[in-house]
Every structure is written in structure tokens, then in C-alpha cells.
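Numbering (the numbering used here), first residue to last: 105 to 314.
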């Protein structure tokens, strides 16, 4: 069963959905392909896709997975002690930040929002990366601040290895959705996975169309 997902989405569903499903259905093979760009899952030969719910194509059946997600800006206690704590997004101009390159080659501008005011910051720093796990590793090495999905660094925050900053400026994102085209004769594995995802998410009996 082939599934296409954003890298961050794949990480989020891997431990909460994929691994628990395989423990119950060890005979099923799941092939996960991660891509940062939007993909036509039908043309690409995929059975399922996982994306932000607001990015699911209108002709697909969508099953919401969990609640809204959030970005966080984090750094180590030692970095913040040495360099100070930013209070507003504009303060990032005085900080070493880990830059992220998007799949189209553009540098990601960090988004912030508070009280109806939104701003996107072109951060500067010694590293430009296209892999979130590398940014996390660099942040843990006190190279600078990084913008991460909260789920990717939650354990580090709870353990005190990383500290959140600009909390009141970091917006939430739409929840994830599992989506797929309508089909008359789904395979047993496909039906089992969708039913399992529906039970895990606490969704109703019928998935929705966006």
C-alpha cells in the first residue's frame, strides 16, 4: 500500500498510526514516500496521501487526523543565555537562525502571527538545510534558533534540552488529513488501514469530502 506525505506529516503519523497498525496487521506492507511538493496521488500510483487538511484536493475523500498543529521557535538554554531571548519576530535579525530551503529552492520565510498581525521573517544564519532532523541536531548543538513542528521537538522541550521562544507569535496549522480517491473495490489492506485510522482519530463512520 503506497502512501505519499509531506516529511513532517509522515513523522507525525508514523508512531501514532503506521506502527500501531502494523502491530495489528503485520502481513500488510506499507510503502511511504515523503515529498515536500504537492503530488497527484492518482497519477503517481499512490493509494493514500497525507497533507494539511486545507491542501487536500476537492475531489478526494478526506479523513481528519488529530487536531491543529503548531510551529515553535526553539533554542538551547546555553544559546539563549549567551545570545538573549527574542521578544518579537524582528529580534531574530540579531540571532543566528537555521534557514530552511523549500523543495522549489526558495528559502522559507518564518511566519508569525499575533492579534491579527502577521509577519514573515527572512532569517539569517550559518546553515541552510532542507531536512528538519538536521535543523534539530544543529539547534541542540547550540548553533542557533530553529523553526520546527512542535511534534518534532516536543520531547526535547519536555526534557529541557530546547526552550520555546516567541510562543505568543507562533500560529497553528490545519490538522492533517488522510485522503484518497473514491474506489468501488478497495483491497482488504486499504480498507483495514482506513478503518484503523478512523478509529485512531476518533472520527465518525463516514469520512468527509473537503
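Positions of the beta carbon are idealized from the N, C-alpha and C atoms, including for glycine.
Pair within 8 Å by beta-carbon distance, residue i and residue j
i	j	result
residue 138	residue 111	yes
residue 351	residue 205	No statement about residue 351 is possible, as the shown extent of the chain runs from 105 to 314 and does not include it.
residue 184	residue 305	no
residue 274	residue 192	no
residue 155	residue 281	yes
residue 200	residue 247	yes
Segment limits, alpha helix (DSSP H) that includes residue i
i	result
residue 131	Unbroken run through residue 131: none, as it is neither H nor E.
residue 116	111–117
residue 181	181–187
residue 304	292–305
residue 166	Run containing residue 166: none in the alpha helix (DSSP H); it sits in the beta strand (DSSP E), 165–169.
CA-to-CA distance, residue j to residue i, given in whole angstroms
i	j	result
residue 203	residue 212	7 Å
residue 146	residue 284	8 Å
residue 189	residue 159	34 Å
residue 260	residue 269	14 Å
residue 214	residue 253	12 Å
residue 167	residue 134	18 Å
residue 107	residue 241	27 Å
residue 125	residue 153	16 Å
residue 294	residue 207	29 Å
residue 121	residue 301	7 Å
Inter-residue CB distance, residue i and residue j (contact presumed, cutoff 8 Å)
i	j	result
residue 105	residue 297	6 Å
residue 173	residue 255	7 Å
Coarse secondary structure for residue i, derived from DSSP in three states
i	result
residue 150	coil
residue 283	strand
residue 254	helix
residue 108	strand
residue 246	coil
residue 274	coil
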